[in-house]
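Just so you know, we're using our numbering here: the sequence shown kicks off at 36 and counts up by one. Heads up: the structure comes next, in structure tokens.
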Amino acid sequence: MGINILSTGGYLPSLAVKNESFTKIIETNDEWIRTRTGICERRLSDGEPTWYMGAMAAKQAIERAGIDPAEIGLIIDSTITSDFITPSAACIVQREVGAVNATAFDLGAACSGFVYAVDTAHRFLLTDDNLKYVLIVANENLSYITNYSDRASCILFGDGAAAIIIERSDKLYTSWLGADGTGAKFLYAKSRYEGSPFGSGRPRVADDETDPQVTHRKLVQDGKEVYKFATKALPTAARNAADKIGLSTEDIDLFIPHQANIRIIETAAKNLGVSMDKFYVNIDKRGNTSSASIPIAFDEAVTNGRIKRGDKVCFVGFGAGLTLGSAIFEY
Ligand code: UT7
């Protein structure tokens, strides 16, 4: 059993921030950012909450699919930047779109989150005959957790959201998901918990390998380690998914990779032996929007006609966790 993607939707904040703007807050320049990352500008929230961007993208996807929101049985929201610890962003999206019969939960797998969500939805569809439509939303406000005094990371991130509506079909589908928690220390942001008023104030269990001194709750990244991981993760995930059904990566019409760094995508393409024109790239305009990056690129590629019905498409992502994953399907 495979999936059919009925429709896509997207929401990008209108605030476009060019590389030049960063020269006012950190020591950097447009040329360094462009040549090291491929990024020229990114959209940043100008007050839009995460749930709002997700709901806007979801409404567009529902409208394009032409379905009744009451027929959506499941909403999965991929985010690492929810506005609330609880309730889930998925429940707020459910309220906003009027999907009154939907189960709703959030999924956190960082930049691989959308791929994890697609595969989770596929498994729900496989096991629940009563489930007709699934709404998958990926919405990220990375500006909530970006450290704007860290010049090596703050220039990377953007905000935005995208959504898809899927149903079961007999079209081609394969996937592969992975994780490596030993790499947690390479990319993380501390959570917001303070502890009870009754403790000694000292953690009795040592913090994990991430730096316990970091209390500012912004993203900390070892760029070089993540880079090394990413260049291997993209080809590994895509190949492992394809191998499961004896598919060659050459048979794939379009790869939609996580948009983290153009050099990572180029190296991955080379390692896979696939030409760059089969990789969809929009990092120049959008930056890295974590789990929203793949669906934002997908929505764009569908809308501008780069993807046609019948094409074999590969979503492939990697990110904090560390996590990696790929889903290959016929559009
Ligand atoms: O979705 C999340 C996944 N995250 C990623 O995929 C990030 C993966 N990593 C990367 O993309 C790259 O490692 C970065 C873009 C983050 C950094 O590029 P790099 O080529 O690894 O640079 P670097 O950190 O080794 O820094 C090289 C130099 C350093 O100066 P020195 O020590 O050689 O004098 C940095 O201080 O570039 C300097 N530098 C900058 N210079 C101007 C770092 N950031 C900047 C900056 N502007 N913004």
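Each residue gets a CB set at the ideal place from its N, CA and C atoms; glycine is no exception.
For the 8 Å Cβ check, are there 3 or more pairs between the region 320 to 337 and the region 187 to 199? A contact between stretches requires three or more CB pairs, one per stretch, nearer than 8 Å, and the region 320 to 337 meets this requirement with the region 187 to 199.
If you run the structure through DSSP and keep just helix, strand and coil, what is K53? The three-state secondary structure of K53, taken from DSSP, is strand.
Give me whichever residues DSSP pairs with L79 in a beta bridge. In DSSP, L79 forms no bridge with anything.
Give the straight-line distance between the Cα atoms of S226 and P122, rounded to the nearest whole angstrom. Whole-angstrom Cα-Cα distance: 16 Å.
If we count Cβ pairs, one from each stretch, closer than 8 Å, do we get three or more for the region 207 to 214 versus the region 149 to 166? The region 207 to 214, when compared against the region 149 to 166, does touch it at the 8 Å Cβ threshold.
Give a yes or no on whether the C-beta atoms belonging to I299 and T266 are separated by under 8 Å. Yes, Cβ-Cβ distance for I299 and T266 is below 8 Å.
Kindly confirm or deny that the region 83 to 95 and the region 158 to 177 touch, where touching means at least three C-beta pairs closer than 8 Å. Touching, per the Cβ criterion.
Roughly how many whole angstroms lie between the Cα atoms of Q256 and G193? For the pair Q256 and G193, the Cα-to-Cα distance works out to about 16 Å.
Less than 8 Å separating the beta-carbons of L160 and I38? Yes; because the gap between Cβ atoms is below 8 Å, this pair is in contact.
What ranges does the alpha helix (DSSP H) occupy inside the region 140 to 224, keeping only unbroken runs of at least 4 residues that lie completely in it? Taken in chain order, the complete alpha helix (DSSP H) segments of 4 or more residues contained in the region 140 to 224 are 148 to 162, 186 to 189.
Can you tell me whether A265 sits near ligand 1, meaning its C-beta is under 7 Å from at least one heavy atom of the ligand? Yes, ligand 1 has a heavy atom inside 7 Å of this Cβ.
Please indicate yes or no: does the CB of T358 lie closer than 7 Å to some heavy atom of ligand 1? Not so, every heavy atom of ligand 1 lies at least 7 Å from the Cβ.
Cα-Cα, which of E83, R344, D164, L222 is closest to G354? Checked all of E83, R344, D164, L222; the closest Cα to G354 is L222.
Please go through the same chain and pick out, in chain order, the residues whose beta-carbon is closer than 7 Å to the beta-carbon of K167, but skip the five residues on each side of it. The residues are E106, G108, E202.
The region 350 to 366 / the region 268 to 283 touching (three or more Cβ pairs under 8 Å): Yes: at least three Cβ pairs fall under 8 Å.
For A187, which residues in the same chain have their Cβ closer than 8 Å to its Cβ, ignoring the five residues on either side in sequence? Q256, G258, listed in sequence order.
Does DSSP put S231 in a helix, in a strand, or in coil? DSSP places S231 outside both helix and strand once states are collapsed to three, so it counts as coil.
Would you call the CB atoms of L79 and S178 closer than 8 Å? With contacts defined as CB atoms closer than 8 Å, L79 and S178 qualify as a contacting pair.
Could you tell me if V348 is buried or exposed, where buried requires 16 or more neighbouring beta carbons within 10 angstroms of its beta carbon? When all chains shown are included, V348 counts as buried.
Buried or exposed (CB count within 10 angstroms, at least 16 for buried), E62: Its Cβ having fewer than 16 others within 10 Å, E62 is exposed.
At the level of alpha carbons, what is the spacing between D288 and H251? So the two alpha carbons sit approximately 43 Å from each other.
Could you have a look at Y366 and say whether DSSP puts it in helix, strand or coil? Of the three classes helix, strand and coil, the one that applies to Y366 here is coil, per DSSP.
S117: buried (16+ other C-beta within 10 angstroms of its C-beta) or exposed? The residue in question, S117, is buried, as its Cβ has 16 or more Cβ neighbours within 10 Å.
Name the residue from I110, N275, D163 whose alpha carbon lies nearest to the alpha carbon of M36. The shortest Cα separation from M36 among I110, N275, D163 belongs to D163.
Beta-carbon contacts of K53 that lie in its chain and below 8 Å, excluding the five residues immediately before and after: If we look at K53 and ignore the five residues flanking it on each side, its Cβ neighbours are D65, C75, E76.
Suppose you measure from the CA of A304 to the CA of R69; what does that come to, to the nearest Å? Distance between the alpha carbons of A304 and R69: 19 Å.
Under 7 Å from any heavy atom of ligand 1, does the C-beta of R186 make it? Under cutoff, so the answer is yes.
What is the DSSP secondary structure of S361, reduced to helix, strand or coil? In this structure, DSSP gives S361 an extended state, which the three-state scheme calls strand.
Which whole-angstrom value describes the C-beta separation of I329 and Y366, a residue pair presumed to lie in contact below a C-beta threshold of 8 Å? Cβ atoms of I329 and Y366 stay farther apart than 8 Å, at about 14 Å.
Limits of the alpha helix (DSSP H) - the one that L282 falls within: If you look at L282, you'll find it isn't in any alpha helix (DSSP H); DSSP assigns it neither H nor E.
Is the beta carbon of C146 less than 8 Å from the beta carbon of S283? In this structure, C146 sits away from S283, with a CB-CB distance that is not shorter than 8 Å.
State the beta-bridge partners of T116 as determined by DSSP. Paired residues: none, contrary to the question.
Whole-angstrom distance between S235 and N317, CA atom to CA atom: Cα-Cα distance, rounded: 49 Å.
Is the beta carbon of I297 sitting closer than 8 Å to the one on T72? T72 is positioned such that its CB atom lies closer than 8 Å to that of I297.
So what does DSSP say about N306, is it helix, strand or coil? Three-state DSSP puts N306 in a helix.
Closer than 7 Å to a non-hydrogen atom of ligand 1 - does that hold for the CB of S231? No.
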